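>
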Amino acid sequence: MQRIGQAAWLCGRLAEARVRFERAVTVAEDEGDPVMFAEAALGLGGHWLNEHRSPVARTRVLGLQRAALAGLGPEHVVLRCRLVARLAAEA
Numbered sequence: 002m003q004r005i006g007q008a009a010w011l012c013g014r015l016a017e018a019r020v021r022f023e024r025a026v027t028v029a030e031d032e033g034d035p036v037m038f039a040e041a042a043l044g045l046g047g048h049w050l051n052e053h054r055s056p057v058a059r060t061r062v063l064g065l066q067r068a069a070l071a072g073l074g075p076e077h078v079v080l081r082c083r084l085v086a087r088l089a090a091e092a
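Just so we're aligned: the sequence shown equals residues 2 to 92 in this note's numbering.
#1: To which residues of the same chain is GLY74 closer than 8 Å at the C-beta, ignoring the five residues directly before and after it?
#2: Quick one: what's got a C-beta closer than 6 Å to ALA42's C-beta in the same chain, skipping five residues either side?
#3: Beta-carbon within less than 6 Å of PHE22's beta-carbon, same chain only, minus the 5 sequence neighbours each way: which residues are those?
#4: Roughly how many angstroms separate the alpha carbons of ALA86 and GLU76, rounded to a whole number?
#5: Since GLU91 and LEU63 should fall inside the 8 Å C-beta cutoff, what is the C-beta to C-beta distance between them, to a whole number of angstroms?
#6: Could you have a look at ASP31 and say whether DSSP puts it in helix, strand or coil?
#7: Could you have a look at LEU95 and say whether DSSP puts it in helix, strand or coil?
#8: Quick check: the Cα distance between THR60 and ARG54, rounded to an integer number of angstroms?
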């Protein structure tokens, strides 16, 4: 799911990418897959910081990204760094 979201995102189809990343978050939660969850949560962040999101959507995305970071083990260095950088930039 997140790969399809990534492909849509890279092609500039942001609305489709968000739908795909939302679905990937749900699937990752259902399957207990912390890597898929982290990648999907990162994808929901969009291209730019503070992208056209409502305060509620921004809070939700940041919460998902924080939860994704908390769920990753130390072996997932790259994903952890990406999440830390994104959260720092959003702050």
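Positions of the beta carbon are idealized from the N, C-alpha and C atoms, including for glycine.
Bear in mind that the values here come from a model prediction, so they are computed numbers and not experimental data.
According to the structure data:
#1: In the sequence shown, the residue the question calls residue 74 occupies position 73. PRO35.
#2: Here the question's residue 42 lines up with position 41 in the sequence shown. So the list reads LEU65, GLN66 and ALA69, once near-sequence residues are dropped.
#3: As a working mapping, residue 22 is identified with position 21 in the sequence shown. These residues qualify, in order along the chain: GLY6, ALA41, GLY44 and LEU45.
#4: Indexing the sequence shown from 1 puts residue 86 at position 85. Indexing the sequence shown from 1 puts residue 76 at position 75. Near 17 Å, if we compare the C-alpha coordinates of GLU76 and ALA86.
#5: For this step, residue 91 is matched to residue 90 along the sequence shown. For this step, residue 63 is matched to residue 62 along the sequence shown. Right, their Cβ atoms sit about 6 Å apart.
#6: For the purposes of this step, residue 31 is taken as residue 30 along the sequence shown, with counting starting at 1. Note: ASP31 maps to helix in three-state DSSP.
#7: Here the chain has residues from 2 to 92 only, and residue 95 is not among them.
#8: Here residue 60 corresponds to residue number 59 of the sequence shown, with the count starting at 1. Here residue 54 corresponds to residue number 53 of the sequence shown, with the count starting at 1. Using only the alpha carbons, I get a separation of about 9 Å.
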